[in-house]
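Protein chains in written order, with the working numbering: chain A, 5 to 378; chain B, 5 to 378; chain C, 5 to 378; chain D, 5 to 378.
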């Protein structure tokens, strides 16, 4: 995982705004190299393009492929201290083999056999799980067992101890999302191990965190103030589904609420401040009605989409993919994205949008507005 | 509603830090009066006491009495444009007959006969309704019909058009809470009339606002940002009750969450920012288990409590009252409040706490901590 | 300072939206009175007018008159513990003799003879001093001596111990501004005495607070975060004057910055967050060029203006006054205010605007825009 | 500037928590590679270390060397459209030859000959200039000419048009700081060209921005609200120097304010909100008295230090360098830093701290406290 850079960019290349290559210039450039210096004028095109030109590319991963390899790993690779998790990450083909879905986001399939424990640890990186299928694992976050079921979105904000254990008779796989690439790049990574197995092996339907916090518009009086990350350990599918259905029903009745024709969307939030679930990660669920299509839209920052249900077509720039349940697509910064569906589509999405909003660097551009499908 | 002040305080009264009364001093004080001036040294004891010494007092109103008078008003007083609402307000005995529950809060019983319409208007004052019993009225807020049922807490934030209509065969009464006294004192009152009757007479179970916003931890992607007041038109009893039950059950299991032994409490919040429902009003529901008692606690700012269910004893300073369903108690600033119950008690509470927090003037003092009742 | 209210408003007065007076209605109203209740329908006109209709009125006080009476008080009234300060407050003629300039603001002349000490105390009310003339007093805030000189604006945020002592050969008078009326009304007043005399009698030119904080755009690294009130003990006239001159010079050169033609204005701020100096008080200095006039402008909330230099005309609603150095004018909520001058005018202004902005209750309306004077 | 990654990390390496290498495992790993996947268990040590283990290293660059090479570039490399700036950037030896001082920060020497113009452009990246010596260049920011003089700190927040022109008889060099590496990594880069030369060639002492905003504790009433970046175009040395002198004088008198014994520090701030000058960059000036030393301190996030005056020793981890005027040192995330001086030292510092604070990822650890030097 070490990067090397060829010195070719330092060679005297003629071009607009660049000096003629001469022996003297060559000597100057050699001086730069010796003194660990790089001129702006040879690099500015790459460094400061007129609009974001990310190295990361759009790409689709098939869930079936991920699952097949994860199953094989389930046979060959034990889960335990050291390796910590049986997780296999998307490696964006534009990022030189690094296990990064985008420059800021990590996306992996995690796989746990019946009876297995993923050992307890904590880290400064923020994490979530999204369950595209299956159930039977409990993730225990700071001692609070959280059931994982299809459609659920589950949080492990930074520096909370957590382990997982599979109580079912069958293996379970799910999507892990983290901000590993961002925190690795900026250098804010802390990690600590806990016990090798999870202490509280109870299997409640609802976590204690949900019982305290997952009541609409209510918060415990004993917990005032704004918290950096959401205290809601699990956002259950029944609520997400109901909210999406409500939006589309409102649209049918002629009232606002959807983001576009046939396109409902809810954002998972931190009820202590109404903002995103974690400081670096935004998460949303989108629903497209049969026949609907989204606007074609660019935004600064990258995202990963996973099909939760249905089938459709995702277009990013010039690439276009058919997608079905569990398939994943990466969307690099400022690449135009459009989605359409024949029979309807539910999509989970996570992105690094909070980072850009906090830096006042967020920008959005609609290339083609949503079309009106009845 | 005009206040007069006796000039007695300007007389030359001897006392610590006050000059001896002499003819010259008397002449000086006459000069002050003529020039519309008042010296600090004669007033400072009243103006700047060592701790808040509010004019408002603690008092209990019986719901049965309010209801009886409201029913009689239902026979004698029409509802319509001009009078606007058949509402009868608590007039704190310390506030000289003004219709103020406290210096900042208005609390009234509102009463609507079958078939009646309270005409549409809007005002800058923030309002809520709390339903201690009955159902059958819809409050229509900016065109969105909101059902009112026992236990529900309903919002009409400032400058939203709203009217009420009773679709039931029976009258309905409820508690109105507003910040009329505060906004009247500081001079921020705007008012505008709308149609005499409510346009949308449909009677949906859930308002459109709830369908968009009342999903736990979720918000519509189409509605970003922080809103000054909560967009949740109604907080339903089933959710409030569940949240209180969950807190007490967690306590039974040995986990934190309640505010004290046997004392659960939830705050109604603005899901767009996690703060209070409206800029000037905090609202909460408290539940005391059989045999429980709260801490004795003072806080800067005033509040009004209404019994939702059960019976108990409320002590404020040296006053103590038995309270049952619907009864109301005012608690002035910095007065020590304690509540206890034999058979269990559910209490709705609203206060002006957001005002003090926004001004960094909030203070709390626990005189006697919660006792441990099993 | 006790208010009484005549029960006349409870009588059965016919009017739009009011029921016909009958014996039965009369009996109902008597029932209300007995039970400490007041109906909305008889009060709504006063309580909820279509726009703010403050009891407070616009009024002008002459500085010469204030100073004459303060001098006389300097002969007759000692300064010391109990009376605390030789301060004489404006009593707005609309507020029933209470020592309130407006419902939220206190404005007083304070007077200290040579060698006198105003004893040390602290209170939750926020205070400032503005010096229209003279010098020689040091106000010692939490042990930090702060020189007071013509044009200076000085802070004593809530709960800081402070005393004053006059080191000059001559008496000194200045304007005190506080939020006494607001905090008295809402019940947030705390007060504590300190030593009878000021401990540190040194007379530095600059306070320690200024040395730490009064450098443009800089803050000490040792003091991070946002502070509720400004840590700048004194805003010196030389800086205020320079900022106003710069604004007018920029206007001469064709660049923006003034609030209107010939009308420059700076706001005193809390450098730790860029907001107002204290949670309840906004303070500004305005300069009108010879021949200039301001827009006619209403805003929710009240203010007090004091002429610092020059002469002009202040119009509030239908009232109009000539004003010169030291004269004070109160401006109630939502009253249209316009100022004009022949030979130029410098005006100090303080208001309760932060209260309304924090409650999202601020509104402004321009009745007549600023005219263009070259 | 393209990174390549060797696949070695995917090989079956035995180790704690890693499976035994077998042909089956090898095949699984080949499957991962083919499907653009990377397992966590082979990478976790690098990706999620127990504490930040940055690739960037601490390094010192000599100003004399930079200046010599910049002068030579001044002879050989024209300034103009395309190359845009004659700037030569520090390339951290740990970052594979990329022109990055740290993973988030760019630091370069910029050089302009007499009469030269750096053409007008704008970009989303935030920029500043710090002048260690010389004068005579004006940077024109959105049409506002800003003089550059020794000790001045000058801002060009993102998306403001700016160009530079040298009006002196001599060349001028200065330090440029930007967030190019961060915005390049996260993909938020926009760039636009303006005119080839600067339109307003006037040479005022103070910019218009300073005349509006650089008055201590004051802001123009015409410019309300919080701005994303500071509107102060230039922080002048005379103010910075005075603030540092004041802190040390206060310490001599026994009062708080310095960050440690003999160690004064001021932060450049955004007066509209009291925060950092730009969303991604913190800037400070530190002064060490003769004989003083700082604490040894780690913080999450990286920084660049430049000596403004004096001489001393900088230790980062196990590295230690003597530094004098203009010398630059990079400090990677979480590396322990200590500075000491014999004869006194003034240090300019910039860092990415705002990024971490906005993400709630800031951490500080003091390894050795400041020693007490008289």
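Ideal Cβ positions, reconstructed from N, Cα and C, are used throughout, including at glycine.
query, result
"In this structure, what does DSSP give as the bridge partners for residue 181 of chain D?", "D:111, D:132"
"Do residue 335 of chain B and residue 320 of chain B have their CB atoms nearer than 7 Å?", "yes"
"At a Cβ threshold of 7 Å, is residue 45 of chain B touching chain C?", "yes"
"For residue 365 of chain C, which option in C:338, C:373, C:344 has the closest C-alpha, if you only look at C-alpha atoms?", "C:338"
"Taking its Cβ as the centre, do 16 or more other Cβ atoms sit within 10 Å of residue 370 of chain B, making it buried, or is it exposed?", "exposed"
"Inspect the beta-carbon positions of residue 206 of chain C and residue 149 of chain C and report whether they are closer than 7 Å.", "yes"
"Run through DSSP, which three-state label would residue 355 of chain A get?", "strand"
"If you reduce the DSSP assignment to three classes, tell me which class residue 369 of chain A lands in.", "strand"
"Taking Cβ-Cβ distances shorter than 9 Å, what residues in chain A pair up with residue 254 of chain B?", "212, 215, 216"
"So the beta strand (DSSP E) residue 300 of chain C belongs to, where does it begin and stop?", "300-303"
"Let me see if you follow: with CB-CB separation under 7 Å, is residue 243 of chain D close to chain G or not?", "Reference to chain G is not applicable here, since the protein chains of this structure are A, B, C and D."
"Out of curiosity, what's the CA-to-CA distance linking residue 175 of chain B and residue 44 of chain B?", "53 Å"
"Does the beta-carbon of residue 92 of chain A have 16 or more other beta-carbons within 10 angstroms, so that it is buried, or is it exposed?", "buried"
"Can you list, in chain order, the residues of its chain with a C-beta nearer than 7 Å to that of residue 13 of chain C? Leave out the 5 residues immediately preceding and following it.", "Residue confidence is low: residue 13 of chain C scores 45 on pLDDT, short of 50, so the model does not pin down where it sits. Its coordinate-derived value is still stated next. The answer, listed in chain order, is 46, 47."
"Using 7 Å as the limit for Cβ to Cβ distance, is residue 337 of chain C near chain B?", "yes"
"Under 8 Å: do the region 258-276 of chain A and the region 312-328 of chain A share three or more Cβ pairs, one atom per stretch?", "no"
"Going by beta-carbon coordinates alone, are residue 61 of chain C and residue 121 of chain C separated by less than 7 Å?", "no"
"Between D:344, D:331, D:358, D:104, which has its C-alpha nearest residue 137 of chain D's C-alpha?", "D:331"
"Give me the DSSP bridge partner(s) of residue 142 of chain A.", "A:151, A:169"
"Assuming residue 87 of chain B and residue 22 of chain C are in contact, meaning their beta carbons sit under 8 Å apart, how far apart are those beta carbons, in whole angstroms?", "6 Å"
"Suppose you measure from the CA of residue 195 of chain A to the CA of residue 29 of chain D; what does that come to, to the nearest Å?", "27 Å"
"What residues of chain C sit near residue 63 of chain B, judged by a beta carbon separation below 9 Å?", "40"
"Rounded to whole angstroms, what's the CA-CA distance from residue 193 of chain A to residue 167 of chain A? Just pull it up for me.", "19 Å"
"Mind checking whether residue 291 of chain D and residue 350 of chain D have CB atoms under 7 Å apart?", "yes"
"Mind checking residue 38 of chain C: buried by the 16 CB within 10 Å criterion, or exposed?", "exposed"
"Determine, for residue 55 of chain B, whether the minimum Cβ-Cβ distance to residues of chain C falls below 7 Å.", "yes"
"Assign residue 214 of chain B to buried or exposed, taking buried as 16 or more other Cβ atoms, counted over all protein chains shown, within 10 Å of its Cβ.", "buried"
"Here's a check: name, in chain order, each residue in its chain whose Cβ is nearer than 7 Å to the Cβ of residue 313 of chain A, leaving out the five neighbours to either side.", "329, 350"
"Cα separation between residue 221 of chain C and residue 227 of chain D?", "16 Å"
"State the DSSP-derived secondary structure class of residue 64 of chain A, mapped to helix, strand or coil.", "strand"
"So, at 6 Å on beta carbons, what are the nonlocal neighbours of residue 131 of chain B in its own chain, with the 5 sequence-adjacent residues on each side left out?", "160, 182"
"Pick helix, strand or coil for residue 330 of chain A, following the three-state DSSP scheme.", "coil"
"Taking 7 Å as the CB-CB cut-off, is residue 164 of chain A touching chain D?", "no"
"Given a cut-off of 7 Å on the beta-carbon distance, is the pair residue 127 of chain A and residue 107 of chain D in contact?", "no"
"Of the choices A:283, A:69, A:90, A:246, whose alpha-carbon is the least far from that of residue 232 of chain A?", "A:283"
"Tell me, please, whether the CB atom of residue 370 of chain B is closer than 7 Å to any CB atom in chain C?", "no"
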